[in-house]
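Residue numbers 654 to 897, in the numbering used here, belong to the letters of the sequence shown in order.
Every residue, glycine too, gets a C-beta built ideally from N, C-alpha and C.
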Amino acid sequence: MSYGLNTRPFHKPLRPIALRTDLIAERHTRLHMIPACDSRSETDYIIRDDMDDEIACTVTGKKFGGQPGREFRDKSGLPLFELHQKSIVFKQPWTVRLPGCGDKDLVTTQLRRTFRDFGNGNCDLMFENAAAIQNKHTREKMMKLQTYRRQSMLYAFDVLDGDRKVVEVQESVQKNEKLALMPESRKGYHPILDIRVAPGVDLTLVRFLIPYKDAADLCRLVLLPLSCRIGCMGYEELNAIDND
C-alpha cells in the first residue's frame, strides 16, 4: 500500500459549484487544515490559505439537541454553517444547515453501500448548486459530489464531480512532525491535512470534508464488520433500514 498521492488528474469543473457564490475559488487554491491540539482552545480546527497563511475559517465542536456536531465560523468569528451528526451513521452520517434555521438541510450525505465504498466511508454529498443561476427548476440545480478514499497508509481522498476530481485532500507529509503509519498509532492522532481546490469550486465545501475523515475512521473501526452483514442483505432488509 502506498502513500496514495495524486492518483487522479485534477480538473476545473465544467460549471461553478457553490453553496455560496461569494466564496468560489478563482485560482487553484491550497489550504491547510490544522488541528488545535490544545484543550484550552475554543476551536478544534483552523483552516489556513497556503498563499498568505491567513485564516479562512475555524471549526468548533458543538452539540445540537444532544447530538454531536460542528460549528463553522469565518475568520472574523461570525457563524457560517452548522454540521449535525445523525444518530444512524451508516444511513446518513451528517447534514449541514444555516445557523438557527431549524431542520432545513443545505447539504445531505449518504454512505455508498458497495462493500468497498461502505468500508472506507465513501459517501455522496447532495445539495442545491447556488451557482446554477441559469437553471429555472430546483431539480436542475441539485448536484452530487462523491468522495473516494484512496488505498493509502495516510489520510488521502478525492472529491469528484462526475469523473472530474475537483478537490484533493491528503495528510501532509511536509507539515506533520510524525506520520502514523500503523493502525494502532492512529488512536488520538490528528494530522495536518493539505487540501487542493480547483478554480470554480466554493471553498465552503472544503470545510465539510472534516467529518468525512471522521466518518472514514468510524467506518473502518466500527462499520466495516457491519458492512459484511449488509453486503449479504436482500433488498427488503435494506429498505427496512431506510424506512426506520
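- Look at D675 here: in three-state DSSP terms it is helix.
- In the structure shown, E793 adopts helical secondary structure according to DSSP, grouped into three states.
- Shortest Cα-Cα distance from D816 to any of Q799, Q787 and H790 involves Q799.
- In this structure, the beta-carbon distance from N782 to K797 does not fall below 7 Å.
- Bounds of any alpha helix (DSSP H) do not take in T696, whose DSSP letter is neither H nor E.
- Secondary structure at R680: coil, using DSSP grouped into helix, strand and coil.
- Taken atom to atom, the span from the alpha-carbon of P721 to that of Q738 is near 6 Å.
- Beta-bridge pairing by DSSP links T761 to T748 and M779.
- Selection A671, I677, I687 and L676 evaluated against Q823 yields I687 as nearest (Cα-Cα).
- If you look at R726, you'll find it in the beta strand (DSSP E) that goes Q720 to D727.
- Nearest C-alpha to L731 among R750, G719, C710 and K715: C710.
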